[in-house]
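A short worksheet on the structure shown next.
Number of protein chains: 4
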Amino acid sequence: MILNVDLTSDTPIYQQLRDRIVEAIAEGVLTEGSLLPATRALAADFGINFHTVNKAYDLLRQQGLIRLNRGTGAVVTLTVADPPFRADWTARARTLLAEAAAKGLPPEEVLATCRSMLDSFGANQPKDTP
Amino acid sequence: MILNVDLTSDTPIYQQLRDRIVEAIAEGVLTEGSLLPATRALAADFGINFHTVNKAYDLLRQQGLIRLNRGTGAVVTLTVADPPFRADWTARARTLLAEAAAKGLPPEEVLATCRSMLDSFGANQPKDTP
Amino acid sequence: MILNVDLTSDTPIYQQLRDRIVEAIAEGVLTEGSLLPATRALAADFGINFHTVNKAYDLLRQQGLIRLNRGTGAVVTLTVADPPFRADWTARARTLLAEAAAKGLPPEEVLATCRSMLDSFGANQPKDTP
Amino acid sequence: MILNVDLTSDTPIYQQLRDRIVEAIAEGVLTEGSLLPATRALAADFGINFHTVNKAYDLLRQQGLIRLNRGTGAVVTLTVADPPFRADWTARARTLLAEAAAKGLPPEEVLATCRSMLDSFGANQPKDTP
DNA sequence: GTGGTCTAGACCACA
DNA sequence: GTGGTCTAGACCACC
């Protein structure tokens with residue numbers, strides 16, 4: 151698993167870490183039960199402090215994407231999207247799409263971009279019928 | 151124009167203001183040349199500090215959506231989406247879509263949601279051929 | 151006896167096990183002298199490590215609710231609530247009730263909920279006068 | 151406002167801090183809009199690190215009890231109890247009451263304790279009709 | 001070994 | 001001045 155974080159970006163490192171891991175889950179690189187790198191090991195990889203990784207993992211835990219177990223490490227444990235999440239997500243999506251529309255991006259192009267991303271996520275998903 | 155901001159939300163008010171104005175532009179409620187409310191008037195409407203409104207307007211200016219003219223107020227002045235913006239937007243969209251996918255939302259449903267939002271934006275858009 | 155534990159919950163499994171057994175005792179499903187399932191058997195039922203069950207049993211032992219006898223297994227042996235326990239319990243109850251009050255739950259509703267729970271516990275209790 | 155935390159307890163300091171503040175809100179000592187002590191100031195009062203206070207405040211923020219604003223400090227902002235909270239709270243209350251019942255505390259006594267606590271919370275609440 | 005907590009001190013963004 | 005982030009290093013509880 152390759153996580154691309156930019157230490158010079160103005161978005162917090164722990165936020166970037168969270169985003170990259172969420173994307174890895176969406177891509178199927180990480181699946182239910184996958185073991186995440188140990189906080190201190192991941193921190194060493196990026197040359198950052200383990201507290202920063204800790205914060206990213208804690209965010210993911212709050213959002214129901216991973217479980218943190220002392221001794222055994224962090225594992226991916228997906229939970230269903232509850233209505234509050236859906237509402238929040240939709241609101242954020244609305245703002246993001248509005249931004250594209252306001253900047254004149256053609257709706258068809260935006261939609262095509264979204265579709266191709268979603269397709270790329272689905273491509274690596276574990277199939278029920280192999 | 152009605153801007154819906156939640157003073158109790160955990161997202162900063164200036165961010166909400168920016169988001170609502172971006173959405174208003176996407177919806178066609180605000181178009182090229184539209185005059186935005188004066189910062190102090192808008193602040194009074196919501197009972198917030200006018201610096202907060204200023205900050206929202208400044209964000210919109212940085213993103214090339216409005217121009218701030220001393221004395222004449224803020225007017226909507228759309229600029230084309232440059233490559234850096236597209237790259238940034240795509241990255242943010244990728245993360246948002248990944249979040250939906252990671253939480254198990256069906257791709258078709260996500261795509262349908264996006265399409266209906268984009269359609270709703272397009273409905274009120276001014277036509278190029280009057 | 152049916153113990154309902156959620157392996158995906160964020161509360162530790164041993165904690166859930168302890169809670170369910172405490173509730174079973176309160177409900178009268180388990181009474182003084184009742185024999186608890188063997189740790190390895192219970193662990194096998196849930197597909198968890200028997201150390202986890204051990205830990206739950208040890209917690210119950212520390213709290214004076216069961217006795218662990220090598221060979222004969224764990225039996226329910228109730229002990230009276232001593233002042234330290236009462237003080238600790240009251241403090242925890244205070245925090246829990248405060249949480250409800252802080253979130254605006256009406257006191258009458260909270261009290262009614264507590265009463266109905268206590269009533270449900272008392273329903274199956276063994277009588278002192280057989 | 152007097153917050154009683156035990157630095158030698160085995161429950162984390164940030165957890166105790168959170169509990170004490172929740173209780174202060176329930177008691178009406180802190181009400182909607184109240185300004186909490188600055189993280190560093192509170193840390194200095196207790197002789198603990200400001201990060202520990204930070205964590206307590208962040209917990210309260212996650213639970214919708216306070217808002218954290220850079221520059222202006224932390225203010226109490228109550229939000230309504232949503233169904234997931236109620237379900238979670240009820241489950242925790244059930245376990246706590248079961249613990250009392252299992253230890254032989256008489257239901258009437260438990261209920262009386264709860265009632266007196268809830269009454270003490272209500273006593274200092276701001277009245278609509280002064 | 002794992003994650004969890006706490007401390008200490010730095011710098012930043014914001015108001 | 002506030003909270004937010006990051007670093008560095010310590011010790012603990014658990015597996």
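As they're listed, the protein sequences go chains A, B, C and D. Numbers given in our numbering equal positions in the first sequence, counted from 1, plus 150. Numbers given in our numbering equal positions in the second sequence, counted from 1, plus 150. Numbers given in our numbering equal positions in the third sequence, counted from 1, plus 150. Numbers given in our numbering equal positions in the fourth sequence, counted from 1, plus 150. Yeah, the Cβ is synthetic: ideal placement off N, Cα and C, and Gly gets one too. No experiment lies behind these values; they were computed from the predicted model shown.
Give the secondary structure of P280 (chain C) by DSSP, where H, G and I count as helix, E and B as strand, and everything else as coil.
-> Within the third sequence, residue 280 (chain C) is the residue found at index 130, counting from 1. In this predicted model, P280 (chain C) has a pLDDT of only 41, less than 50, meaning its place in the structure is not dependable enough to derive any value.
Using a Cβ-Cβ cut-off of 8 Å (strictly less than) and excluding sequence neighbours within five positions of V225 (chain B), which residues of its own chain qualify?
-> Mapped onto the second sequence, residue 225 (chain B) falls at position 75. Spatial neighbours of V225 (chain B) in its own chain (CB-CB distance under 8 Å, excluding positions within 5 residues in sequence) are listed in chain order as G183, S184, L185, L186, I216, R217 and N219.
Please classify M151 (chain A): is it buried, with 16 or more other beta-carbons within 10 angstroms of its beta-carbon, or exposed?
-> Locating residue 151 (chain A) in the first sequence gives position 1, where the first residue counts as 1. Result: exposed.
In whole angstroms, what separates the C-alpha of E173 (chain C) from that of L209 (chain B)?
-> On the third sequence, position 23 is the one that residue 173 (chain C) refers to. On the second sequence, position 59 is the one that residue 209 (chain B) refers to. The alpha-carbon atoms of E173 (chain C) and L209 (chain B) are separated by roughly 55 Å.
Measuring CA to CA, which of B:L228, B:P257, B:L255 and B:A243 is closest to V260 (chain A)?
-> Within the first sequence, the letter at position 110 stands for residue 260 (chain A). Cα-wise, what sits closest to V260 (chain A) is B:A243.
Just the Cα atoms here: how many angstroms apart are T245 (chain C) and I198 (chain B)?
-> The residue labelled residue 245 (chain C) in the question sits at position 95 within the third sequence. The residue labelled residue 198 (chain B) in the question sits at position 48 within the second sequence. So the alpha carbons of these two residues sit roughly 35 Å apart.
According to a CB-to-CB cut-off of less than 7 Å, which residues of the segment 158 to 190 of chain D neighbour chain C?
-> Under the 7 Å Cβ criterion, the segment 158 to 190 of chain D contributes D169, V172, E173, I175 and A176.
A250 (chain C) versus chain D: which residues are under 7 Å apart at the beta carbon?
-> Translated into the one-based positions of the third sequence, residue 250 (chain C) becomes position 100. Against chain D, the beta carbon of A250 (chain C) has neighbours under 7 Å at W239, listed in chain order.
Measuring CA to CA, which of C:S159, C:D269 and C:L167 is closest to L153 (chain C)?
-> Reading the third sequence from its first residue, position 3 is the one you call residue 153 (chain C). Relative to L153 (chain C), the option among C:S159, C:D269 and C:L167 whose CA is nearest is C:L167.
V225 (chain A) bridges to which residues according to DSSP?
-> One-based indexing of the first sequence puts residue 225 (chain A) at position 75. Per DSSP, the beta bridge partners of V225 (chain A) are A:L185 and A:R217.
Going by Cα to Cα distance, which pick from A:F235, A:A250 and A:D232 is closest to A237 (chain B)?
-> Locating residue 237 (chain B) in the second sequence gives position 87, where the first residue counts as 1. That would be A:A250, whose Cα lies nearest to the Cα of A237 (chain B).
Cα separation between G254 (chain C) and G272 (chain D)?
-> On the third sequence, residue 254 (chain C) is found 104 positions in, with the first residue counted as 1. On the fourth sequence, residue 272 (chain D) is found 122 positions in, with the first residue counted as 1. Each residue's Cα considered, the two are about 11 Å apart.
Excluding five sequence neighbours on each side, which residues of the same chain lie with their C-beta closer than 6 Å to the C-beta of T229 (chain C)?
-> As a working mapping, residue 229 (chain C) is identified with position 79 in the third sequence. Counting only residues of its own chain and dropping the five nearest sequence neighbours on each side, T229 (chain C) has a CB closer than 6 Å to the CB of G214.
Taking S270 (chain D) as the reference, which of C:S270, C:V179, C:G178 and C:A248 has the closest Cα?
-> Position 120 of the fourth sequence, counting from 1, holds the residue named residue 270 (chain D). It is C:A248.
Could you check what DSSP says for P257 (chain C) in three-state terms: helix, strand or coil?
-> Your numbering for residue 257 (chain C) matches position 107 in the third sequence. Three-state DSSP puts P257 (chain C) in a helix.
Is DSSP giving T245 (chain C) helix, strand or coil here?
-> Here residue 245 (chain C) corresponds to residue number 95 of the third sequence, with the count starting at 1. Residue state, collapsed to three classes: helix.
Are the C-beta atoms of F196 (chain C) and some chain D residue less than 8 Å apart?
-> Walking along the third sequence from the start, residue 196 (chain C) turns up at place 46. By the rule that beta-carbons nearer than 8 Å mark a contact, F196 (chain C) does not touch chain D.
Buried or exposed: which applies to D160 (chain B), given that a residue is buried once 16 or more other Cβ atoms fall within 10 Å of its Cβ?
-> The count along the second sequence starts at 1 and reaches residue 160 (chain B) at position 10. By the Cβ-count criterion, D160 (chain B) is exposed, with fewer than 16 other Cβ atoms from all chains shown falling within 10 Å of its own Cβ.
For A262 (chain D), go through chain C and note every residue whose CB falls closer than 9 Å to its CB, in chain order.
-> The residue labelled residue 262 (chain D) in the question sits at position 112 within the fourth sequence. Simply none; closest approach about 10 Å.
Short-range partners of chain B found in the segment 203 to 237 of chain A, where Cβ spacing is below 7 Å | Within the segment 203 to 237 of chain A, the residues whose Cβ lies closer than 7 Å to some Cβ of chain B are L215, L228, V230, A231 and F235, listed in chain order.
Considering only residues of the same chain and omitting the five flanking positions on each side of D195 (chain C), which have a CB-CB separation below 8 Å?
-> Your numbering for residue 195 (chain C) matches position 45 in the third sequence. Within the same chain, D195 (chain C) has close Cβ partners P187.
V172 (chain D), DSSP secondary structure in three states | As a position in the fourth sequence, residue 172 (chain D) is number 22, starting the count at 1. The answer is helix: DSSP assigns V172 (chain D) an H, G or I state.
How many whole angstroms separate the CB atoms of T240 (chain C) and T263 (chain D), which I take to be in contact at a CB cut-off of 8 Å?
-> Walking along the third sequence from the start, residue 240 (chain C) turns up at place 90. Walking along the fourth sequence from the start, residue 263 (chain D) turns up at place 113. Confirmed, about 6 Å.
Would you identify the three-state DSSP class for V203 (chain D), choosing helix, strand or coil?
-> Position 53 of the fourth sequence, counted from the start, is the residue given in the question as residue 203 (chain D). DSSP places V203 (chain D) in helix when its eight states are reduced to three.
Applying the criterion that 16 or more other CB atoms from any shown protein chain within 10 Å of the CB defines a buried residue, is L180 (chain B) buried or exposed?
-> Position 30 of the second sequence, counted from the start, is the residue given in the question as residue 180 (chain B). Burial check for L180 (chain B): the Cβ neighbour count within 10 Å reaches 16 or more, so the residue is buried.
Given that a residue counts as buried once 16 or more other Cβ atoms are within 10 Å of its Cβ, and exposed if not, what is L192 (chain D)?
-> Reading the fourth sequence from its first residue, position 42 is the one you call residue 192 (chain D). By the Cβ-count criterion, L192 (chain D) is buried, with 16 or more other Cβ atoms from all chains shown falling within 10 Å of its own Cβ.
In chain order, what residues of the same chain have a beta carbon less than 6 Å from the beta carbon of R265 (chain C), not counting five sequence neighbours either side?
-> In the third sequence, residue 265 (chain C) corresponds to position 115, counting from 1. No residues qualify anywhere along the chain.
Beta carbon proximity, L246 (chain B) to chain A, threshold 8 Å | Mapped onto the second sequence, residue 246 (chain B) falls at position 96. So, interface residue.
My understanding is that T189 (chain A) touches Y207 (chain A), with C-beta atoms under 8 Å, so please give their C-beta distance in whole angstroms.
-> Counted from its first residue, the first sequence places residue 189 (chain A) at position 39. Counted from its first residue, the first sequence places residue 207 (chain A) at position 57. Right, the Cβ-Cβ distance comes to about 6 Å (below 8 Å), so this counts as a contact.
Chain A within 8 Å of A193 (chain B), Cβ atoms only = Here residue 193 (chain B) refers to the residue found at position 43 of the second sequence. Closer than 8 Å to the CB of A193 (chain B) there is not a single CB belonging to chain A.
Can T227 (chain A) and T202 (chain C) be called in contact, C-beta distance under 8 Å?
-> Within the first sequence, residue 227 (chain A) is the residue found at index 77, counting from 1. Within the third sequence, residue 202 (chain C) is the residue found at index 52, counting from 1. Taking 8 Å as the cut-off, the beta carbon of T227 (chain A) is found no closer than this to the beta carbon of T202 (chain C).
Grouping DSSP H, G and I as helix and E and B as strand, with all else coil, what is T161 (chain D)?
-> Mapped onto the fourth sequence, residue 161 (chain D) falls at position 11. In the structure shown, T161 (chain D) sits in coil (DSSP, three-state: anything other than H, G, I, E or B).
Express the C-alpha separation of A252 (chain A) and V155 (chain B) in angstroms, rounding to a whole number.
-> Within the second sequence, residue 155 (chain B) is the residue found at index 5, counting from 1. Within the first sequence, residue 252 (chain A) is the residue found at index 102, counting from 1. In this structure, the straight-line span from the alpha carbon of V155 (chain B) to that of A252 (chain A) is close to 19 Å.
Buried versus exposed call for E258 (chain C) [16 or more other C-beta atoms within 10 Å across all chains shown] | One-based indexing of the third sequence puts residue 258 (chain C) at position 108. Counting other Cβ atoms within 10 Å of its Cβ, E258 (chain C) stays below 16 and is therefore classed as exposed.
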